[in-house]
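First up is the structure itself, then whatever we jot down about it.
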Amino acid sequence: MLHLTQPHRTKLAVAALALAACAAGVTTATASPTADQKVDGVIVVAGNTCGWTNARTSANPPTALTVDRGSINKPGGNLTCDGSITASLNNNPAFTFDDTAATARTDLIDITGQQSFVSCRYKATNIVWDRDGTTRKYVNRAFTATKTSGSFLCPGSVTTAAGGASMLFH
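One gets this note's numbering by counting positions in the sequence shown from 1 and adding 65 to each.
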């Protein structure tokens, strides 16, 4: 029987949260009429990093949009995580934008993380993001993803601290 220590359980949960972030790279860009309906993502939790580039969106902000999980998950996407963790997004997250308040909101993130033969599925709802100035880069507020299925070795919930993720629409 596979036994994961607390650091390994944490890393597995981190992989799942990586997708929850729908996070961005380290650059910022100002929204423009030539935006290409894409989003880059990265999240760093407990020293582990997961990210992707050029995920497809159904529109450009500030129009409400969805992110296509097929353009994040492999083989169609390029999601990668540090270490031996893999992750996949189980839904197409919807985003709404409030330019007056300089925020965005994600309705639901449904994610699965796996390490070796242990799989953990988490869901987070109503994630709020703060816009970085006049750019289309957004930084998360703290949120908690709750375990919905998986091994008893998986933590019951995992929290991402404020600023632990960002997303960049371009």
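Backbone N, C-alpha and C define an ideal beta-carbon position, used for all residues, glycine too.
Just so we're clear, the structure is a prediction, and the values are computed from it rather than from any experiment.
For the pair of segments examined, the segment 197 to 204 was found to touch the segment 219 to 231: the number of CB pairs separated by less than 8 Å reaches three.
Of the other Cβ atoms in all chains shown, 16 or more fall within 10 Å of the Cβ of GLY215; this residue is therefore buried. Around the Cβ of ASP164, a 10 Å sphere holds fewer than 16 other Cβ atoms; the residue is exposed.
Burial is judged here by how many other beta carbons sit within 10 angstroms of a residue's own beta carbon; ASN125 has at least 16 and is buried. CA-to-CA, the gap between GLY178 and ARG186 works out to about 6 Å. The criterion of a C-beta distance shorter than 7 Å is not satisfied by ILE150 and GLN102. For GLN179, the uninterrupted beta strand (DSSP E) run begins and ends at 168 to 180, by DSSP. Taking all protein chains shown into account, THR128 has fewer than 16 neighbouring C-beta atoms within 10 Å of its C-beta and is therefore exposed. For GLY116, the pairing in a beta bridge is given by DSSP as VAL107, THR145. Assignment of SER136 by DSSP, reduced to helix, strand and coil, places it in the helix class.
Here PRO158 is buried, its C-beta having at least 16 other C-beta atoms within 10 Å. Assignment of ARG196 by DSSP, reduced to helix, strand and coil, places it in the strand class. DSSP places ASP164 outside any beta strand (DSSP E), giving it a letter other than H or E. Within the same chain, Cβ atoms closer than 6 Å to the Cβ of ILE192 are found at THR171, PHE208, the five residues on either side in sequence being excluded.
At the C-beta level, ALA120 and VAL132 come within 7 Å of one another. In this structure THR211 is exposed. Its beta-carbon is surrounded by fewer than 16 other beta-carbon atoms within 10 angstroms.
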